[in-house]
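Q: The listed protein sequences derive, respectively, from chains A and B. Be aware that the first sequence starts at 1, since it is given in UniProt numbering, and climbs by one per residue. Be aware that the second sequence starts at 1, since it is given in UniProt numbering, and climbs by one per residue. Below you will find the structure I want to go over with you.
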Amino acid sequence: MSKAAAVVELDLLGLHPRPPAAAAAGPPSSFRRNSSFREMQCAIARMDPAVVKSVIASGSPGSNAAATAISGARVEAGDDTATSPLTIFYNGTVGVFELTHDKAKNILRMAAEASNGGISEASEEKMVSGDNEGLNGGELPIARRKSLQRFLERRKESFDVSRGTAERRKKLYSTYFMG
Amino acid sequence: MDRRNLTRAASSLGISDVALSLVMGYVDDPRDRAAASLVCRKWCGVDGATRKRVTVAFCYSATPDRLRRRFPCLESLKIKAKPRAAMFDLIPDDWGGYAAPWIADIARSFECLTALHLRRMVVTDADLALLVRGRGPLLLSFKLDRCSGFSTDALALVARSCRRLRTFFLEDSSIAEKGSEWLRELALNNAVLESLNFYLTELSSSPQDLVLLARNCRSLASLKIGECDVSDLVEFFRIATALQEFCGGVFDAPAGSADRYKNFRFPTSLRSLGLIYMGTNEVHTVLPCAGALSKLDLQYTFLSTEDHCQLIQRCPNLEILEVRDVIGDRGLEVVSRTCKRLRRLRVERGDDEQGGLEDEQGRVSHQGLTAISRGCPELQYLAIHVSDITNAALESVGTCSRNLSDFRLVLLDREENITELPLDNGVRAMLSGCFKLRRFALYLRPGGLSDVGLGYIGEYSANIRYMLLGKVGESDLGLEMFSRGCPNLQKLELRGCCFSERALALAVIELSALKYLWVHGYSASPDGRELMAMARPFWNIEFIPPIIVSNAADDRGAGAENRAQILAYRSLAGKRMDCPESVIHLHPT
Numbered sequence: 001m002s003k004a005a006a007v008v009e010l011d012l013l014g015l016h017p018r019p020p021a022a023a024a025a026g027p028p029s030s031f032r033r034n035s036s037f038r039e040m041q042c043a044i045a046r047m048d049p050a051v052v053k054s055v056i057a058s059g060s061p062g063s064n065a066a067a068t069a070i071s072g073a074r075v076e077a078g079d080d081t082a083t084s085p086l087t088i089f090y091n092g093t094v095g096v097f098e099l100t101h102d103k104a105k106n107i108l109r110m111a112a113e114a115s116n117g118g119i120s121e122a123s124e125e126k127m128v129s130g131d132n133e134g135l136n137g138g139e140l141p142i143a144r145r146k147s148l149q150r151f152l153e154r155r156k157e158s159f160d161v162s163r164g165t166a167e168r169r170k171k172l173y174s175t176y177f178m179g
Numbered sequence: 001m002d003r004r005n006l007t008r009a010a011s012s013l014g015i016s017d018v019a020l021s022l023v024m025g026y027v028d029d030p031r032d033r034a035a036a037s038l039v040c041r042k043w044c045g046v047d048g049a050t051r052k053r054v055t056v057a058f059c060y061s062a063t064p065d066r067l068r069r070r071f072p073c074l075e076s077l078k079i080k081a082k083p084r085a086a087m088f089d090l091i092p093d094d095w096g097g098y099a100a101p102w103i104a105d106i107a108r109s110f111e112c113l114t115a116l117h118l119r120r121m122v123v124t125d126a127d128l129a130l131l132v133r134g135r136g137p138l139l140l141s142f143k144l145d146r147c148s149g150f151s152t153d154a155l156a157l158v159a160r161s162c163r164r165l166r167t168f169f170l171e172d173s174s175i176a177e178k179g180s181e182w183l184r185e186l187a188l189n190n191a192v193l194e195s196l197n198f199y200l201t202e203l204s205s206s207p208q209d210l211v212l213l214a215r216n217c218r219s220l221a222s223l224k225i226g227e228c229d230v231s232d233l234v235e236f237f238r239i240a241t242a243l244q245e246f247c248g249g250v251f252d253a254p255a256g257s258a259d260r261y262k263n264f265r266f267p268t269s270l271r272s273l274g275l276i277y278m279g280t281n282e283v284h285t286v287l288p289c290a291g292a293l294s295k296l297d298l299q300y301t302f303l304s305t306e307d308h309c310q311l312i313q314r315c316p317n318l319e320i321l322e323v324r325d326v327i328g329d330r331g332l333e334v335v336s337r338t339c340k341r342l343r344r345l346r347v348e349r350g351d352d353e354q355g356g357l358e359d360e361q362g363r364v365s366h367q368g369l370t371a372i373s374r375g376c377p378e379l380q381y382l383a384i385h386v387s388d389i390t391n392a393a394l395e396s397v398g399t400c401s402r403n404l405s406d407f408r409l410v411l412l413d414r415e416e417n418i419t420e421l422p423l424d425n426g427v428r429a430m431l432s433g434c435f436k437l438r439r440f441a442l443y444l445r446p447g448g449l450s451d452v453g454l455g456y457i458g459e460y461s462a463n464i465r466y467m468l469l470g471k472v473g474e475s476d477l478g479l480e481m482f483s484r485g486c487p488n489l490q491k492l493e494l495r496g497c498c499f500s501e502r503a504l505a506l507a508v509i510e511l512s513a514l515k516y517l518w519v520h521g522y523s524a525s526p527d528g529r530e531l532m533a534m535a536r537p538f539w540n541i542e543f544i545p546p547i548i549v550s551n552a553a554d555d556r557g558a559g560a561e562n563r564a565q566i567l568a569y570r571s572l573a574g575k576r577m578d579c580p581e582s583v584i585h586l587h588p589t
């Protein structure tokens with residue numbers, strides 16, 4: 001699923017002086033240096049989750065849905081299909097991945113959690129509560145009963161097709177039986 | 001006297017086994033029975049031999065063999081399998097819950113069994129064939145409740161073999177339609193049917209078969225069907241004179257032929273109605289029997305807020321009402337003024353789109369909730385999806401709704417700003433006032449309930465046995481405070497909370513009455529390692545790992561079902577052998 005938008009570089013480690021990414025790790029010219037994985041883990045873990053969110057948000061020009069979701073508003077699952085590029089600098093190599101907003105967060109969370117062992121309890125708790133809104137609390141949409149979901153979808157479809165035709169009747173039954 | 005002597009004295013009181021059996025026979029409540037069975041071996045044996053009804057709350061907590069050895073004379077058995085979340089599409093299809101091992105035992109043994117109820121299980125045609133071969137002629141009540149895996153062929157077989165069936169229940173099951181005329185078979189083979197329910201299934205039914213059923217089953221009091229145009233049921237209603245409950249049927253006339261229903265009226269003998277796709281122009285069909293209705297289901301109708309107000313105004317005898325939140329605060333105020341006998345109220349979540357197909361007044365808030373609590377003092381069950389809430393509304397529930405045994409509140413995502421959060425004080429007041437509460441669900445959002453509030457839930461839930469908590473608390477500390485309370489909590493579901501695995505494990509250890517835990521959306525590790533802190537004998541731990549990184553191209557969509565899940569439960573059956581690949585059995589290994 002590739003987009004026509006230009007590749008956007010996400011400066012997760014704050015190596016390039018670029019607002020609002022204030023969290024810094026190393027001098028601006030050092031994006032070529034061989035950072036160890038552990039250093040990268042520590043850097044990500046030390047980052048303020050809010051900064052990470054805003055960096056991702058600013059790096060996604062075309063996907064308003066993803067940006068809205070990250071800012072903490074309660075968004076339905078339907079918005080998660082938009083993808084944006086995520087660029088990762090590691091050990092002298094660069095990778096660009098087209099990911100949905102959910103996947104990007106998962107990667108960041110995994111990296112942060114993997115480095116949790118080296119962090120004091122206080123910052124770990126901050127990570128947990130900071131995560132709460134963006135990654136855990138805000139992300140999981142309220143589920144709906146299947147029977148009610150079927151009914152609402154069917155109703156929407158029955159109004160999309162023009163009323164008063166046999167076609168509508170047929171469509172109504174076929175979408176219903178799809179379950 | 002010391003304790004041992006007391007026990008011996010009680011046992012040798014000279015109560016004969018026969019007398020004891022007779023006395024036990026009058027003890028119905030399963031908790032009383034459980035207590036009696038713990039007195040001594042003899043009483044355990046007598047209880048086991050005389051127990052008539054058992055519910056296996058979770059099918060993997062025991063084996064069929066163990067059930068049979070303990071309760072050989074069961075007359076009524078209910079088995080539940082998949083987690084409740086399966087009703088919300090959150091459980092993988094291949095998760096488990098197969099009825100086969102249970103049915104194999106039931107068909108061989110349990111010679112007194114006349115009632116069987118399977119809920120959220122996978123049942124095949126072969127299973128049903130085996131069952132009716134062994135138990136068919138004796139079955140009086142058979143319920144396949146939200147089950148899947150079978151077809152109309154099996155239904156036809158049941159219809160032919162179980163001629164004494166008085167209750168046949170298939171609601172919300174996934175049944176493959178193979179064109180077998182099961183309904184006709186039922187009508188031809190059964191003369192004693194009182195209740196037939198295939199509501200919310202995809203099964204079709206012809207009006208002719210229903211007329212045949214009405215003719216042959218003169219005791220038919222309750223019929224809940226799938227889609228069948230209501231105007232084709234005139235003959236059926238004329239013949240089914242014992243009918244008191246009807247659900248299903250559709251109003252499906254194309255525009256311009258609204259005349260089809262102009263002269264149609266539901267019979268005045270009906271006490272319970274639930275109608276699919278009924279719109280404003282069809283409400284007149286219900287008015288003649290509205291005054292006598294005790295039960296009304298409007299969840300699948302096309303009615304506006306005003307329609308709800310107009311209709312419910314005419315239903316003073318309602319005891320059970322189920323609606324979507326299109327009813328609005330205004331509709332709930334009508335309910336509070338009119339339905340003084342209301343015992344059960346369910347306000348489901350309608351369409352979320354603003355300016356969508358739902359009425360723009362269709363929002364329920366603290367206003368409606370307050371009105372209901374004040375106007376309907378008999379309320380025992382209240383499940384409500386609100387768009388806005390205040391502490392005062394919950395306080396009102398605690399003050400006025402003293403008969404509540406089941407309260408469920410979901411705060412929807414629609415409004416950015418809620419009038420009053422957190423709900424700590426309101427929740428405390430509600431729980432303190434509703435002392436009969438046994439089941440409780442609270443689904444909020446980050447900031448909805450602080451750690452202190454979560455502690456209140458623990459402190460004030462003396463009698464609560466089941467809880468669903470969603471997006472509550474702020475940190476592990478809240479969970480810790482919660483787990484110090486809840487002395488009777490047996491089943492806990494957590495969703496979208498921020499707790500760590502370790503905190504969850506420690507909470508499980510602390511909650512002494514807990515038999516079942518389901519968690520979805522939390523601070524998960526890739527392998528569930530930290531959960532082992534809750535490992536102990538007779539406690540199973542299952543883990544569905546999160547799907548973390550995958551190519552966007554071959555992903556179905558990063559939906560909620562890809563988040564980690566924990567299912568932990570007390571079990572005498574050991575590790576289950578039918579785990580799919582998506583489920584990792586952490587303990588016992």
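We put the beta carbon where it would ideally sit given N, CA and C, even for glycine.
Excluding five sequence neighbours on each side, which residues of the same chain lie with their C-beta closer than 8 Å to the C-beta of B/Phe435?
A: Arg402, Ala462, Asn463
Q: Is it true that the stretch 113-130 of chain B meets the stretch 154-161 of chain B, where meeting means three or more beta-carbon pairs spaced less than 8 Å apart?
A: yes
Q: Let me check understanding here. Comparing Cα to Cα, which of B/Pro545, B/Leu287, B/Phe169 lies closest to B/Cys147?
A: That would be B/Phe169, whose Cα lies nearest to the Cα of B/Cys147.
Q: Per DSSP, which residues does B/His117 bridge with? Please list them.
A: B/Lys78, B/Lys143
Q: Pick helix, strand or coil for B/Ala107, following the three-state DSSP scheme.
A: helix
Q: Taking the beta carbon of A/Tyr90 as the centre, do at least 16 other beta carbons fall within 10 Å, making it buried, or is it exposed?
A: exposed
Q: Anything in chain B within Cβ reach of A/Leu108, meaning under 8 Å, just list it in chain order.
A: The premise fails here: A/Leu108 is roughly 11 Å from chain B at the closest Cβ pair, so nothing lies under 8 Å.
Q: Quick one: any contact between the stretch 33-40 of chain B and the stretch 477-495 of chain B, if contact means 3 or more CB pairs under 8 Å?
A: no
Q: Between the alpha carbons of B/His366 and B/Glu348, how many angstroms are there, rounded?
A: 15 Å
Q: Terminal residues of the continuous alpha helix (DSSP H) containing B/Gly433?
A: Note, B/Gly433: alpha helix (DSSP H), 424-433.
Q: Using the C-alpha atoms, what's the distance from B/Ser294 back to B/Thr301?
A: 18 Å
Q: Anything in chain B within Cβ reach of A/Ile142, meaning under 7 Å, just list it in chain order.
A: Val410, Leu412, Asp413, Tyr443
Q: What does a CB cutoff of less than 8 Å around B/Pro422 pick up in its chain, not counting 5 residues either side in sequence?
A: So the qualifying residues of the chain are Gly447, Gly448, Leu449, Ser450, Gly453.
Q: I need the DSSP call for B/Gly48, collapsed to helix, strand or coil.
A: helix
Q: Quickly, what does DSSP pair A/Thr83 with across the bridge? List them, please.
A: For A/Thr83, which the question treats as bridged, DSSP gives the partners A/Thr100.
Q: If you measure from the beta carbon of B/Asp554 to each beta carbon in chain A, is any gap under 8 Å?
A: Unreliable positioning characterises B/Asp554 in this predicted model, as indicated by a pLDDT of 40, which lies under 50. The coordinate reading is nonetheless provided below. With 8 Å as the cut-off, B/Asp554 does not count as an interface residue toward chain A.
Q: Check B/Ala564 in the structure and name its three-state DSSP category.
A: Coil.
Q: For A/Leu148, which residues in chain B fall below 9 Å Cβ to Cβ?
A: Result: Gln299, Tyr300, Arg324, Glu348, Arg349, Gly350.
Q: Of all Cβ atoms in chain A, is any one closer than 8 Å to the Cβ of B/Val549?
A: Reliability of the predicted coordinates at B/Val549 is poor, the pLDDT of 47 falling under 50, and no value is obtained from them.
Q: For B/Leu444, which residues in the same chain have their Cβ closer than 6 Å to its Cβ, ignoring the five residues on either side in sequence?
A: Leu411, Lys471, Val472
Q: What does the Cβ neighbour count give for B/Arg41, buried or exposed, with the cut at 16 atoms within 10 Å?
A: exposed
Q: Could you confirm whether any beta carbon from chain A is found closer than 8 Å to the beta carbon of B/Asp578?
A: False, the Cβ-Cβ gap to chain A never drops below 8 Å.
Q: Identify, in the order they occur along the chain, each residue of the same chain with its Cβ nearer than 8 Å to the Cβ of B/Cys44, setting aside the five sequence neighbours on each side.
A: Cβ neighbours of B/Cys44 beyond the five flanking positions: Ser37, Leu38.
Q: Leaving out five residues before and five after B/Leu138 in sequence, what residues of the same chain have Cβ atoms less than 6 Å from its Cβ?
A: If the five residues before and after B/Leu138 are omitted, its C-beta is found closer than 6 Å to the C-beta atoms of Thr114, all from its own chain and listed in chain order.
Q: Can you tell me which residues form a DSSP beta bridge with B/Ser336?
A: BP columns for B/Ser336 are empty, so no partner.
Q: With burial defined as no fewer than 16 other Cβ atoms inside 10 Å of the residue's Cβ, what is the status of B/Leu200: buried or exposed?
A: buried
Q: Going by CA-CA distance only, name the one from B/Leu210, B/Ile457, B/Arg439 that's closest to B/Gly426.
A: B/Ile457
Q: Taking the C-alpha atoms as reference points, what is the distance between B/Asn190 and B/Arg166?
A: If I take the Cα positions, the gap works out to 9 Å.
Q: For B/Val27 and B/Arg324, what's the separation of their Cα atoms in angstroms?
A: When rounded, the distance between both Cα atoms is 40 Å.
Q: Rounded to whole angstroms, what's the CA-CA distance from B/Gly375 to B/Ala568? Just pull it up for me.
A: 41 Å
Q: Per DSSP, which residues does B/Leu311 bridge with? Please list them.
A: Paired residues: none, contrary to the question.
Q: Excluding five sequence neighbours on each side, which residues of the same chain lie with their C-beta closer than 8 Å to the C-beta of B/Leu273?
A: Glu245, Phe246, Cys247, Phe266, Val286, Cys289, Leu293, Lys295, Leu296, Asp297
Q: B/Met430 and B/Glu474 - do their beta-carbons sit closer together than 8 Å?
A: no
Q: Would you call the CB atoms of B/Thr305 and B/Val335 closer than 8 Å?
A: Not in contact: B/Thr305 and B/Val335 (Cβ atoms no closer than 8 Å).
Q: Looking at the structure shown, is B/Val397 part of a helix, part of a strand, or coil, going by DSSP?
A: helix
Q: Quick check on DSSP: helix, strand or coil for B/Asn403?
A: coil
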